[in-house]
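Asker:
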Amino acid sequence: MSNRAQAVVALAGIALLAGCGDRPKMPDEADATAAAPSGPRPYVVELRAVGKTFEGPGKIPSGWTTFRFVNASSMIHFAIIDVPPDGVTAQEMSDTVMTPFQEAMDAMNSGDDEAVNAAFARFPAWIAELGRAGGPGFLSPGLTGQTTVYLEPGQYVLECYVKSDGVFHSTSPGGGQLGMMLDLTVTEEANGASEPAANATLVVRNSGFELTSGELTVGPNTIRVDFLEQQALPSFVGNDVHLIRVNDADSIAETSAWMDWRTRNGLEDPGPATFLGGINDLPAGTHGYFTVQLEPGDYAFIAEMPDPQASGFVLPFSVGSI
Ligand SMILES: [Cu+2]
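What follows is the structure in structure tokens.
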């Protein structure tokens, strides 16, 4: 018998003795003792957005990983997890991808198509094979999000490409510094965490979102997101899920218009809605989770892609009595 099992048996004996004694048993005492060994055990990584930088660990064990994403800044941020080819670091991505991306954006804003094409032509050949492993979705200032993904051992790069004054947060501020990017090494060691338990399942296909099981309610919700399909759109983005609070009749249309990074106001902070988190692109056939606390009101799942509303990637819903 393991030490842990012995400890559980010993605790059970104490609970039994307590139940037989003079002291009245508290209503949930026995339940708490019984639930502890078998309940889901998350492995939580705190990732903070401070100004236009990420603060988080550089090395973590592999397995189901829950990112507690704390937005301690005054801007909207997200944290997409890139899977670059072996040996490609955040610094190399910054030099070879983020720099031409910013040049392309500047050229788009000035209407110089030739310069746009020249910038895109500078991308490294591997850009078409850049993988994605999810990560926390858009989160408004001051909020905390929670997103869980399965991370295999390997080398990852986190990035945020929300814009401030037309500049992607992932763009280097100069002087050899990284923009909003973070190298993350995931080791062979297993974190041993359990897969989260969800109360609702959202399915993602190339035709849009569908809530296939469960119910969204007032209070904490853990949403399983099944990526049945994934796609590479011409704007270099794919299927993902973000959650907004729908504050008025224009929230969805305005957010849908904001979701195209190629436009001057696209992904420009501050955004038109309150973002509550979500999950970034995962490969087809895989799944992840995000957890959100909902107050009574109107909400919508929405994707970061050109005109998600026209493409089936907006799913409004309401919880509680309004
Ligand atoms: Cu950002």
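In case it helps, numbering that gives the first Met the number 0 puts the sequence shown at residues 0 to 321. From the three backbone atoms N, C-alpha and C, an ideal C-beta is built for every residue, glycine too. These figures come from a predicted structure and were not determined experimentally.
#1: What is the rounded straight-line gap between the Cα of residue 121 and the Cα of residue 197?
#2: Among 246, 79, 203 and 104, which has the Cα closest to the Cα of residue 131?
#3: Report yes or no: do the stretch 78-97 and the stretch 197-212 share at least 3 C-beta pairs separated by less than 8 angstroms?
#4: With 16 other CB atoms within 10 Å as the buried threshold, where does residue 184 fall?
#5: What's the C-alpha gap between residue 168 and residue 161?
#6: Could you check if residue 6 is buried or exposed, using at least 16 other CB atoms within 10 Å of its CB as the buried criterion?
#7: Three or more beta-carbon pairs under 8 angstroms between the stretch 61-73 and the stretch 91-101, yes or no?
#8: If contact is defined by three or more beta carbon pairs under 8 angstroms, each pair taking one atom from either stretch, is the stretch 223-243 in contact with the stretch 278-286?
#9: Which residues in the same chain have their Cβ closer than 7 angstroms to the Cβ of residue 222, if we skip the five residues on either side of it in sequence?
#10: Could you please give the first and the last residue of the uninterrupted beta strand (DSSP E) stretch that includes residue 91?
#11: Pick from 235, 241 and 69: whose alpha carbon is nearest that of residue 203?
#12: On the premise that residue 234 lies in contact with residue 308, defined as a C-beta separation below 8 angstroms, what is that separation, rounded to the nearest angstrom?
#13: Using alpha carbons as the reference points, say which of 299, 42, 270 and 314 lies closest to residue 149.
#14: With a threshold of 16 other CB atoms inside 10 Å of the CB of residue 49, please say whether the residue is buried or exposed.
Answerer: With the given structure in hand:
#1: 43 angstroms
#2: 79
#3: no
#4: exposed
#5: 6 angstroms
#6: Its pLDDT being 35, under 50, residue 6 is placed unreliably by the model, and the measurement read from it follows with that caveat. When all chains shown are included, residue 6 counts as exposed.
#7: no
#8: yes
#9: 197, 199, 201, 288 and 289
#10: No beta strand (DSSP E) contains residue 91, which is instead part of the alpha helix (DSSP H) from 89-92.
#11: 241
#12: Actually they are not in contact, since the Cβ atoms of residue 308 and residue 234 sit about 16 angstroms apart, beyond 8 angstroms.
#13: 42
#14: exposed
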